[in-house]
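What follows is a short report on a single structure.
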Amino acid sequence: MSEKLKKIIEDAKPRLRPSSDEVERGKKVYSLIESRLKEAFRDYGFEITLQGSFAKGTALSGDLDLDVFVLIPKEYGKKWIKENFISMALEAVRDLNPGVRYAEHPYIRVSVDGVEADIVPALKVSRGSEAETATDRTPYHTEFVLRHMDESLRDEVRLLKRFMKVANVYGAEVRVGGFSGYLVELLIIKYGSFIRVVEDAAYRWRIPVEIYLEGYSDAMEDIKNIYRDSAMFFPDPVDPKRNVAAAVSRKTLSKFIVASKLFLDDPSDSYFFPKEPGLDVGSIEKIYCSGSQCTCPVGVVVRLNSSESPDNIWGEIKRIARRLYRSLESEGYEPLRYGFFWNEQGDLGLIYVEFRDCMFRDRKIVTGPPAHARDSLRFIKKQLSGGYGFWIDDSGRVKGYRSWRYGSVTDLIEAKKHLFTGKNIYGVAKVVTGIRDLAKLFGDRSYREWLIEEVLGIPKYLWDRFQQTLM
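Below, the structure is given as structure tokens:
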């Protein structure tokens, strides 16, 4: 390890550790919630426990979230949790600004003294493999990590978490499709340090990535059969038939590999502490249109049911964006890429598609079946009846020209408006074209960050160095 790299890592460690004040504040908030829940469920004798990164000592400074678990005997079952738990727990914390969130089953989020806490019901099981829901395993995850973690490794976990947060690959939720906190902890237990994880990712990982802890190699074939489409496989030591890395998408895994390569190539503390981008709308337009010509970005603003679970909404946004992209692709309009944005607060989201041009002027090439195929004659007749000829390419396929059905991207999106509906998506509110209008759609910081990273293609950890090249 170079002296520069070593210094960056050693300087980052103390900055990532929660201060004693943060830890004390977290303990006080937990104590308050615990006493409320014990009183609410005193006739039931449910066990109230602290789980997650705070309990494991792997939380990041400035990012303290508490996971307060209520362990409920299995005989009560999931139905009892849905019908009774939420109302009783809400009453217990009614003055703590509670809100109901949804995952596999409902849970409650409260905010106290700047600390967010999730109150999560889980069935009490005797081992992780008996879990009926994902949360049932959590106490065993905490127990496993505590057994294998010391203060030195906790520093390494925080380094990897922060690196992944800046690279926008941290979090197993649908929006990110990335690395959970537990997976990060297991990676550090496996490799022993942040730098070894990053080096292995940069130089040796090939998708699909297969990693396991010592003693769990036999579980790999099982999870590969169960989770066939995963980009990454890592057997859960608490429940070896479960793939801890199932949420990690191919795109997110690739983003982590690229960030690791770039970090090792030119180390910088911006991979842990990125500077604010100083880009206004004019600067964004200038960067986007660098070169001889802009492409054509299209923003489709959709109405959302913001009271629904964020994971459910993200799932619908992603499905609609993919469906639109595939539909455009299949019709020959050659969209360059797509994306999506939502700040998880308002009732408007965005689906983004990029084209080479906002107008479709030239004829398009359509590809038919091989000449020997039964339906090749149908393709040829359609060409001729439409006033077009045809030709056979070197592979023996029938091809031809046709005119575009729609002359512009706005006409095209208008014709596709039926695709922008779902259970929690209520159609199109607005369509804009061009980078300037796209950049003005939302005014919050998260949108500007999304524009810079997803539309301009400048990851957060490169913001500062990229801006220096523009000066």
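So for the sequence shown, my numbering puts the first residue at 1; every next one is plus one.
Where a beta carbon is used, it is the ideal one built from N, C-alpha and C, also for glycine.
_CB contact flag (S260, V198, <8 Å)_ = Here residue 260 refers to the residue found at position 260 when the sequence shown is read from its first residue. Here residue 198 refers to the residue found at position 198 when the sequence shown is read from its first residue. Yes, the Cβ-Cβ distance between S260 and V198 is below 8 Å.
*According to the neighbour-count rule (16 or more other Cβ atoms, all chains shown, within 10 Å of its Cβ), is M1 buried or exposed?*
For this step, residue 1 is matched to residue 1 along the sequence shown. Residue environment analysis places M1 among the exposed positions, since fewer than 16 neighbouring C-beta atoms fall within 10 angstroms of its C-beta.
_Checking the sheet assignment: what are the DSSP bridge partners for P106?_
For this step, residue 106 is matched to residue 106 along the sequence shown. Note: P106 sits in a beta bridge opposite Y102.
*Residues sharing a beta bridge with N243, DSSP*: As a working note, residue 243 is residue 243 in the sequence shown. Paired residues: P235.
_CB of G299 within 8 Å of CB of L438, strictly_ = Within the sequence shown, the letter at position 299 stands for residue 299. Within the sequence shown, the letter at position 438 stands for residue 438. Cβ distance < 8 Å, so G299 and L438 count as in contact.
*Of the choices V115, I81, W404, whose alpha-carbon is the least far from that of L107?*
As a working mapping, residue 107 is identified with position 107 in the sequence shown. Checking the sequence, you will find Tyr at residue 107 rather than Leu. Out of V115, I81, W404, I81 has the C-alpha closest to the C-alpha of Y107.
*Going by the CB atoms, is the gap between E104 and T135 shorter than 8 Å?*
Here residue 135 refers to the residue found at position 135 when the sequence shown is read from its first residue. Here residue 104 refers to the residue found at position 104 when the sequence shown is read from its first residue. With respect to E104, T135 sits close: the two C-beta atoms are nearer than 8 Å.
*Of all the CB atoms in chain D, is at least one closer than 8 Å to the CB of T58?*
The structure shown contains no chain D; it holds only a single protein chain.
*Taking the continuous beta strand (DSSP E) assigned at F69, which residues delimit it?*
Walking along the sequence shown from the start, residue 69 turns up at place 69. First-last of the beta strand (DSSP E) with F69: 65 to 73.
*In this structure, does DSSP put R322 in helix, strand or coil?*
Position 322 of the sequence shown, counted from the start, is the residue given in the question as residue 322. In this structure, R322 counts as helix in the three-state DSSP scheme.
*Would you kindly report the start and end of the unbroken alpha helix (DSSP H) that includes D411?*
The sequence position of residue 411 within the sequence shown is 411, counting from 1. Here the alpha helix (DSSP H) through D411 covers 409 to 415.
*Is I226 buried or exposed, if buried means 16 or more other CB atoms sit within 10 Å of its CB?*
Reading the sequence shown from its first residue, position 226 is the one you call residue 226. So I226 counts as exposed.
*Return the chain-ordered list of same chain residues with a C-beta closer than 7 Å to the C-beta of F472, the five sequence neighbours on each side being excluded.*
This structure gives no information on residue 472, because the portion of the chain shown stretches from 1 to 471.
*Taking Q468 as the reference, give the member of V176, D311, P277 with the closest Cα.*
Taking the sequence shown and counting its residues from 1, the one referred to as residue 468 is at position 468. Checked all of V176, D311, P277; the closest Cα to Q468 is P277.
*What is the residue span of the alpha helix (DSSP H) that Q476 lies within?*
Residue numbering for the chain in the displayed model covers 1 to 471; residue 476 lies beyond these limits and cannot be assessed.
*Closest by CA to R322, which one among W463, S309, R337, F233?*
As a working note, residue 322 is residue 322 in the sequence shown. Selected option, being the one with the closest Cα: R337.
*Can you tell me the Cβ-Cβ gap for D464 and P267, rounded? I've got them flagged as a contact below 8 Å.*
Here the question's residue 464 lines up with position 464 in the sequence shown. Here the question's residue 267 lines up with position 267 in the sequence shown. The beta-carbon separation of D464 and P267, rounded to 14 Å, does not stay under the 8 Å limit for a contact.
*Per DSSP, the bridge partner or partners of F340*: Within the sequence shown, numbered from 1, the residue matching residue 340 stands at position 340. Beta-bridge pairing links F340 to I351.
*Go through its chain and collect everything with a Cβ distance to S306's Cβ below 6 Å, but skip five positions before and after it.*
Walking along the sequence shown from the start, residue 306 turns up at place 306. D347, listed in sequence order.
*Hey, would you say R402 sits closer than 8 Å to P370, going by beta carbons?*
In the sequence shown, the residue the question calls residue 402 occupies position 402. In the sequence shown, the residue the question calls residue 370 occupies position 370. No; because the gap between Cβ atoms is not below 8 Å, this pair is not in contact.
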